[in-house]
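As structure tokens, the structure follows; a few thoughts come after it.
Residue numbers (the working numbering), protein chains in the order written: chain R, 1 to 464; chain A, 465 to 765.
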């Protein structure tokens, strides 16, 4: 407003000085009239501005809100927002690491009575360790498919394609199909990525039965019932590249997995989900390194059928609605496996083969309590029963039982406690202590792990 | 295996053969959008609300019961602007329901018809839980509700053309009552203008801007970050010099930090419903604003 007046004055001054330089009186007269016209015009403008300001100042509450909502609605795009809107995939990177203090030599760690599952098992190494760095890219491909890849960069500088799959978006009637490499959908923890675990490692039963988590290259079909009760049925098949199966250099499917989940709410505060699964798998020359009765290293191998039952359940109790203030999460899973087939002794040497049968089982139960915003405490109990295997080579008297030290019956167990602090949704610091009887009841190991997990990039969304 | 597939197929065929419900199934992420869908949709919609006013909508579990509701929904009504990013994408992905995928007519975001405030200049999580598209807590400015109501009625008409007239009529009727209510609220709220207040989180910004309340401080040092003892100490020093008239809390907030501060700076706290159902009086959208104003006027007049 002031600047308008100043401008007018300047113009007026200019108008006064310029004509003085002129010589004709006519010019002066015409310039004067132009100046008058200019003055009038600015006066009207300034008056209008002043009037508007007065109006606004006396307006009712609301008319002068600092940022009123735009009155003209923009067309509804139904955008999912933020990430992915510029055709770029959502990118997220998880960094983790730990400091471990382990009483016994981790090299000697094994689960008594169970064949090695050659996965990411055991308490890890001593001192400082970089964990797996997980890089995930995900995006919709087109209206029909979405795609996601997670690459795990190990501390040993290796890159592993942890998951890489497509998923359908537009199948009718509650069907979804998924193909590629992915964690199988059975159970509760199998599908959960390591950064979202409530403890620093998987329960012993997952380590013994699936080498941590079961995945293969294959195909999954899921169907969700159109009911208020959550009912999900799923079927998978694949190439059998994950323990306890092996690839078999044959065309067609290798093994089948069927699973079902049911879930719902109980009152306002409690939600639950329960499930059952059956895995029918085949192994061919599934070899493992061991020693014989003279402690000499050799390789044995199993060929046959592996059938596993899994029962899982999870319950969350959120007394005041906000899971960040207080929440109790209870979960447990039970697995039982029957393996029947042939066991080969010393495949590179004497290569004796006879029949083999075993029934093994295991379970865990854990509770995690969010007792304050940011703070959680947890308790987990693991228990395994190796059973007593039927080993043809031993029963025929060809070899002594001590030739199979890994198969000596055992019932390993473990107790773990943890405390974690979550400064935000993207960071977690955790302490975990294990009383670990995995080797056997009279061979206790103690391990302390201090762990960090950080997530950067796209905001993750987690399943129940 | 084959008998399993057979029975699964049989179940699907049975499900498909069930008579289709006349009413549109709406899954609303918050009680406010649920209430609005009922206002516009009347008896032609069947609304299920995913969260209650006592929950922080940013942090919700993707519960199996919600996945089941997403499976059968014809329309998802969400806030958008990443408010529900931690759980809604999982529901939609797990639902196996192609009708509600983002970009489909069955997916509606309120934020898509509003202009949001507090768009961050820098996308950096060291600034706290920020939303790149702006502040998503839009429901506490009734003028936003009016805009969303209009867009929602258009969406409902698009999905159920047979009842388009019904939805438009209800939307018109709602708008008449709503505009009258806004006038009434604005004149009732005149004494609140310019009053200094402390908020908990930046989710009352739209309310403060609408009513002309002066937001002098937030108890959260950064969005989504709970206050530390040191920060609360600084707040006490700052607020003792220029005391606020009231500390505003939402029904879902933990009142501890606010009560602590209230004792030290001698300002009362007031618990506001924040969403439909947050207080017994906030039974519907009209009740939400009636009660919010009543509670503010009771301490600020």
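We put the beta carbon where it would ideally sit given N, CA and C, even for glycine.
Taking only three categories from DSSP, how would you classify residue i?
i	result
residue 753/A	helix
residue 558/A	helix
residue 706/A	coil
residue 445/R	strand
residue 347/R	coil
residue 647/A	helix
residue 763/A	helix
residue 721/A	helix
residue 695/A	helix
residue 460/A	Nothing in the structure corresponds to residue 460/A, since chain A is present only between 465 and 765.
residue 421/A	The requested residue 421/A does not occur in the structure, where chain A is confined to residues 465 to 765.
residue 107/R	helix
Thinking just about the alpha-carbon of each residue, which of the options is nearest to the one in residue i?
i	options	result
residue 243/R	368/R, 121/R, 454/R, 366/R	121/R
residue 455/R	94/R, 265/R, 308/R	94/R
residue 184/R	170/R, 221/R, 328/R, 428/R	221/R
residue 186/R	275/R, 389/R, 119/R, 385/R	275/R
residue 669/A	759/A, 534/A, 511/A, 583/A	583/A
residue 128/R	263/R, 96/R, 293/R	96/R
residue 766/A	528/A, 612/A, 634/A, 626/A	Outside the displayed span of chain A (465 to 765) sits residue 766/A, for which this structure offers no information.
residue 493/A	571/A, 508/A, 505/A	571/A
residue 434/R	418/R, 237/R, 441/R, 152/R	418/R
residue 190/R	101/R, 332/R, 147/R, 254/R	332/R
residue 188/R	273/R, 228/R, 396/R	273/R
residue 508/A	589/A, 621/A, 577/A, 578/A	621/A
residue 676/A	567/A, 760/A, 534/A	760/A
Taking residue i as the query, report the chain R residues whose CB atoms sit under 8 Å from its CB, ordered along the chain.
i	result
residue 716/A	321, 322
Take residue i and list the residues in its own chain whose beta-carbon comes closer than 6 Å to its own, dropping the five residues that flank it on each side.
i	result
residue 451/R	98, 200, 430
residue 537/A	489, 491, 564
residue 279/R	257, 308
residue 202/R	212
residue 136/R	92, 150
residue 225/R	231
residue 445/R	103, 104, 436
residue 671/A	604
Counting only Cβ pairs nearer than 7 Å, list the residues of chain R close to residue i.
i	result
residue 621/A	Simply none; closest approach about 13 Å.
residue 668/A	None at all; the shortest Cβ gap to chain R is about 14 Å.
Using a Cβ-Cβ cutoff of less than 8 Å, which residues in the same chain neighbour residue i once the five nearest sequence positions on both sides are dropped?
i	result
residue 600/A	543, 544, 545, 546, 547, 575, 580
residue 646/A	606, 607, 610
residue 691/A	683, 684, 685, 699, 721
residue 613/A	500, 503, 504, 635, 638, 639, 642
residue 159/R	151, 152, 153
residue 349/R	298
What number of angstroms, rounded off, separates the C-alpha of residue i from the C-alpha of residue j?
i	j	result
residue 415/R	residue 489/A	47 Å
residue 149/R	residue 155/R	19 Å
residue 520/A	residue 628/A	34 Å
residue 688/A	residue 318/R	19 Å
residue 301/R	residue 344/R	5 Å
residue 674/A	residue 165/R	47 Å
residue 118/R	residue 106/R	15 Å
residue 748/A	residue 503/A	9 Å
residue 439/R	residue 387/R	15 Å
residue 515/A	residue 745/A	18 Å
residue 133/R	residue 718/A	35 Å
residue 391/R	residue 114/R	14 Å
residue 705/A	residue 729/A	9 Å
residue 651/A	residue 679/A	20 Å
residue 178/R	residue 667/A	39 Å
residue 594/A	residue 587/A	8 Å
residue 321/R	residue 531/A	18 Å
residue 362/R	residue 313/R	15 Å
Spatial neighbours of residue i within its chain, please: C-beta separation below 7 Å, excluding the five flanking residues on both sides.
i	result
residue 283/R	244, 245, 246, 302, 303, 304, 306
residue 551/A	524, 525, 526
residue 265/R	271
Which chain A residues sit within Cβ distance under 9 Å of residue i?
i	result
residue 101/R	What residue 101/R touches in chain A: nothing, since even the nearest Cβ is about 30 Å away.
residue 176/R	557, 558, 559, 560
residue 424/R	589, 592, 593, 688, 689
residue 171/R	560, 562
Applying a beta-carbon distance threshold of less than 8 Å, which residues of chain A neighbour residue i?
i	result
residue 222/R	560
Check the Cβ of residue i against every Cβ in chain A and list those closer than 7 Å, keeping chain order.
i	result
residue 312/R	Those within 7 Å of residue 312/R in chain A number zero; the least Cβ separation is about 13 Å.
residue 265/R	527, 529
Please list the partners that residue i has in chain R, where partner means a Cβ-to-Cβ separation under 9 Å.
i	result
residue 554/A	461, 462, 463, 464
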